[in-house]
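To start, the structure under review is shown below, and the notes come after it.
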Amino acid sequence: MLMQLCKTNKLVIQINYSQLLTDYSIVKFSTTENYIKYGALILDEVGLKLSAKSIVFERGKSFYVLFDKNFISNIDLFKQLEKIEDGDKLSFKILDLNETKKIKQHSITQLVVNSIATPKHERLTYNNLTGKLYLFNTNHLRISKSKDKEQIFKIIGLEFYIDPNSCLQLNVKTFSNLLLNKSMDFSKKKMSAYPKYTFVHSTNTLRRILPSEKVSIDNQYILKQSIKKGTIEKSNIPFLDFSNLKEFKNSKIGILNDILNTINQKLSNYLQLDFKGTNIDHTIRHSNLFDFNNFDEDILLIDGIKDDYSNEYLESIKTELKKIIPNSRIKVSKAEDKYSFNIKLIHNKSFYLKYEHKDVYKPSLYIQHITLEDFKTNSKASLKAIVKELVIKNDINKNQVSIIDWSSFNFENNWIFGIRDKTDFYFLTIEPNGKIEFEKFESDLFNQNEYDELCDIYNENTNIEFIVKDDIGNVNIITRTNNYTIPEYQKISSILEKESREISITKSQVINAVNQVFDKEKASEYETQIISLENWNKDSLLNCFKNRIEKKKVVEKIQKDTGEILKSYFRDKTRYEILDSQLDIHSFKQDNSYYYFVGIKGKGIQQTISRASVIREITVYKNSEYIFDKLLPLMNVDFVKNGDLTVLPFPIKFLREWIKY
DNA sequence: GCTGGGTGGTTCCTTGGTAG
DNA sequence: CTACCAAGGAACCACCCAGC
1 MLMQLCKTNK LVIQINYSQL LTDYSIVKFS TTENYIKYGA LILDEVGLKL
51 SAKSIVFERG KSFYVLFDKN FISNIDLFKQ LEKIEDGDKL SFKILDLNET
101 KKIKQHSITQ LVVNSIATPK HERLTYNNLT GKLYLFNTNH LRISKSKDKE
151 QIFKIIGLEF YIDPNSCLQL NVKTFSNLLL NKSMDFSKKK MSAYPKYTFV
201 HSTNTLRRIL PSEKVSIDNQ YILKQSIKKG TIEKSNIPFL DFSNLKEFKN
251 SKIGILNDIL NTINQKLSNY LQLDFKGTNI DHTIRHSNLF DFNNFDEDIL
301 LIDGIKDDYS NEYLESIKTE LKKIIPNSRI KVSKAEDKYS FNIKLIHNKS
351 FYLKYEHKDV YKPSLYIQHI TLEDFKTNSK ASLKAIVKEL VIKNDINKNQ
401 VSIIDWSSFN FENNWIFGIR DKTDFYFLTI EPNGKIEFEK FESDLFNQNE
451 YDELCDIYNE NTNIEFIVKD DIGNVNIITR TNNYTIPEYQ KISSILEKES
501 REISITKSQV INAVNQVFDK EKASEYETQI ISLENWNKDS LLNCFKNRIE
551 KKKVVEKIQK DTGEILKSYF RDKTRYEILD SQLDIHSFKQ DNSYYYFVGI
601 KGKGIQQTIS RASVIREITV YKNSEYIFDK LLPLMNVDFV KNGDLTVLPF
651 PIKFLREWIK Y
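Note that UniProt numbering numbers the first sequence so that position 215 is 215, with each residue one more than the last.
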């Protein structure tokens, strides 16, 4: 069950420089001006584009171009540059081996990778645009088919970007057709300032439009989103989908799998890309720690409206609440009571605004407000959220953790959690018995040293999320990184690919397996059914087995004997082999630093994992010891994030709540 | 049998600002 | 003219059942 190795998006890059320069020439263009006037356009203008394999920019002042060796040795680049406006401001240099080796690793890798071209017969796959590599997929086009005409109005692509730390980033980018210009905001940046792209049907790629060109508006795209109902739209490509091969290929990891295969096929002479793996040191599997059935406190429902309807409304809330927390005593009451859990019914903001009443909403640690207009009594999710918030508020009031049994963690020391909010620091101390204490830490004369020290910690890295201390002064600092974990995409791809193939085994092979798996009676029953099947395919075969346990038995037997995959089972216990990088809580040590990541709950996973698991780094402050491993169970709760594991220890939630009041 | 409502934390998509 | 970074905020998820 313990995962051995986990891939991360950090790339291990090997470049065969001498082979690269045997086949290609790399030219660096730069300007003495502030920027290159035509930037990416230059290559198109000069006609060099015909043989330029790829471009990558360093910044706006210089860029590298990969040329075929034969081409560049036969062309007088000077003469080409003379032809263009301001070409004399632009200088270039054909790089030798040493100079090539000096290019930053992420830039040279990106340059080589950018050179993979789309095969002519495929529509929109790889596209080197303005120094970037976009991966396209026809399933991510937004097309309208009115008036017998197919109009692509959005092209959603995945940018394959190797960041300065040589980590792979897969960024979603949306190109919108200019026909949508009425629903775009050009107040901050004029439409004319955006680079324009056009879809070229002959090459099936996007390319920049030259200033001299006239392209009709319905084939012009810019990198910008449209606005719908006053808010900006957002495109989304799920991180991983293993429902079937098609959905997999549409997901980020599926797209990644495809491009890595292409890179291996076409560029293996020059480049080897691997993801850095890491050994997992510590794993915590999800288990439910908070149970609504255990909740047995008094709840008061307070009527802040007092009209004909509101009392009835509260009564219905009472009925619904009773179902969720059967062991609590719920009363409709006139006034709140400091010693109970108060839920107060009021109107929402717009109601008070509309009727020019004073809004009675006052944030309070004793009262959870609900609004008549927005709160749905029959929503279990919202009722649960209310109860959960009440418990947390009550815990903060009473200075005692009760939402889960803190003493069950068997801590032997106090833990101190700290976060920064604007210029102040806030601390929460929790004793082994769950007693808590909050503290706002402002700068004053007496604590200046400690305050300055905290500021130093925070100023060193802007991405710090929180710090933890034990009571003997060990400090661990937690920051979000740009890294995420990568699942076993090759295995997933291979299994889904096999699953999607036509059936290759014969009926008699299946019958043979059925006979080995089931007793005589059952086997012969299935045998007649299988023999009489008219359409011999995986679906029809699988439909013979009504019971999914029996279905799985046959699928596994056949896979073992013949290698044929009738159906994939990623969600069963094998998930911990292939998908563990996306599941539950893990920590590891790498190159003298400590890291952790939290995925989705392993039990009962769905077929889509919409987001990556972000890796967080734990920095050990000065001479401190690494203490965070003991706190990993504090993420093993699903009450903070409504069904999902929380990514930060749950006391951080307490701290943020306390700051609000 | 399928869709959608409802919750808030978190991720990540988009944009703007600034440096080179 | 583009890379890089940070800020802001939309969309996502689970879970479960009402309502079509």
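All residues carry an ideal CB built from backbone N, CA and C; glycine is no exception. Quick caveat, the model's predicted, so the values are computed rather than measured.
Three-state secondary structure assigned by DSSP to residue i
i       : result
His-586 : strand
Gly-157 : strand
Asn-9   : strand
His-369 : strand
Gly-418 : strand
Glu-521 : helix
Tyr-197 : strand
Val-112 : helix
Lys-53  : strand
Cys-544 : coil
Gly-254 : helix
Met-3   : Confidence at Met-3 is low in this model, with a pLDDT of 48, below 50, so its placement is unreliable and no value can be given for it.
Asp-88  : helix
Asp-561 : helix
Ser-243 : coil
Asp-23  : helix
Asp-424 : strand
Phe-570 : coil
Asp-337 : coil
Glu-342 : The residue you asked about is not Glu; residue 342 is Asn in the sequence shown. It is a strand residue.
Segment limits, alpha helix (DSSP H) that includes residue i
i           : result
residue 662 : Since the first residue of the chain shown is 1 and the last is 661, residue 662 is not available in this structure.
Val-514     : 507-517
Arg-656     : 651-660
Ile-492     : 489-500
residue 670 : The displayed coordinates of the chain run from 1 to 661. Any statement about residue 670 would go beyond what the structure contains.
Distance between residue j and residue i (C-alpha atoms, nearest Å)
i           : j       : result
Tyr-426     : Lys-101 : 48 Å
Ser-287     : Lys-641 : 15 Å
Asn-139     : Phe-153 : 13 Å
Ile-13      : Asp-572 : 34 Å
Ser-328     : Ala-335 : 19 Å
Ile-436     : Ile-416 : 10 Å
Val-620     : Lys-338 : 42 Å
Ser-216     : Lys-182 : 16 Å
Leu-223     : Val-56  : 18 Å
Tyr-134     : Thr-231 : 26 Å
Ser-226     : Lys-188 : 14 Å
Leu-2       : Ile-652 : For Leu-2, the predicted structure reports a pLDDT of 48, less than 50, and the residue's modelled location is therefore unreliable. The matter cannot be settled from this model.
Asp-539     : Gln-516 : 22 Å
Asp-395     : Ile-430 : 12 Å
Lys-384     : Phe-351 : 25 Å
Ser-251     : Glu-499 : 17 Å
Leu-129     : Tyr-221 : 13 Å
Lys-358     : Lys-660 : 22 Å
residue 699 : Ser-504 : Residue 699 falls outside the range modelled here, since the chain spans only 1 to 661, and no answer is possible.
Span of the beta strand (DSSP E) around residue i
i       : result
Leu-301 : 298-303
Tyr-134 : 132-135
Glu-389 : No beta strand (DSSP E) holds Glu-389; the alpha helix (DSSP H) holding it covers 380-398.
Ala-117 : That residue, Ala-117, is in no beta strand (DSSP E); it is neither H nor E in DSSP.
Thr-615 : Reading off the sequence, residue 615 comes out as Ile, not Thr. Looking at the DSSP string, the run of the beta strand (DSSP E) that includes Ile-615 is 614-620.
Gln-272 : 271-279
Whether residue i touches residue j by CB criterion (8 Å)
i       : j       : result
Ile-346 : Ile-299 : no
Asn-414 : Asp-471 : yes
Lys-601 : Leu-645 : yes
Gln-529 : Cys-544 : yes
Ile-609 : Tyr-595 : no
Lys-507 : Ile-486 : no
Ile-325 : Val-401 : no
Phe-654 : Val-637 : no
Glu-150 : Ser-107 : no
Tyr-484 : Ile-370 : no
Meets three-Cβ-pair contact criterion under 8 Å: the segment 90-105 and the segment 168-185:
No, the segment 90-105 is not in contact with the segment 168-185.
Report yes or no: do three or more beta-carbon pairs, one from the segment 4-12 and one from the segment 274-291, lie closer than 8 Å?
yes
So, do the segment 193-200 and the segment 15-26 have three or more beta carbon pairs nearer to each other than 8 Å?
No: fewer than three Cβ pairs fall under 8 Å.
Mind the definition here: the segment 619-626 touches the segment 473-482 only if three or more C-beta pairs lie below 8 Å; say whether that holds.
yes
Across the segment 159-169 and the segment 240-250, are there enough close Cβ pairs to call them in contact, namely three or more that are closer than 8 Å?
In this structure the segment 159-169 does not touch the segment 240-250; the number of beta carbon pairs closer than 8 Å is below three.
With a threshold of 8 Å, are at least 3 pairs of Cβ atoms found where one atom belongs to the segment 88-101 and the other to the segment 30-38?
yes
Does the contact criterion of 3 or more C-beta pairs under 8 Å hold for the segment 568-584 versus the segment 261-271?
no
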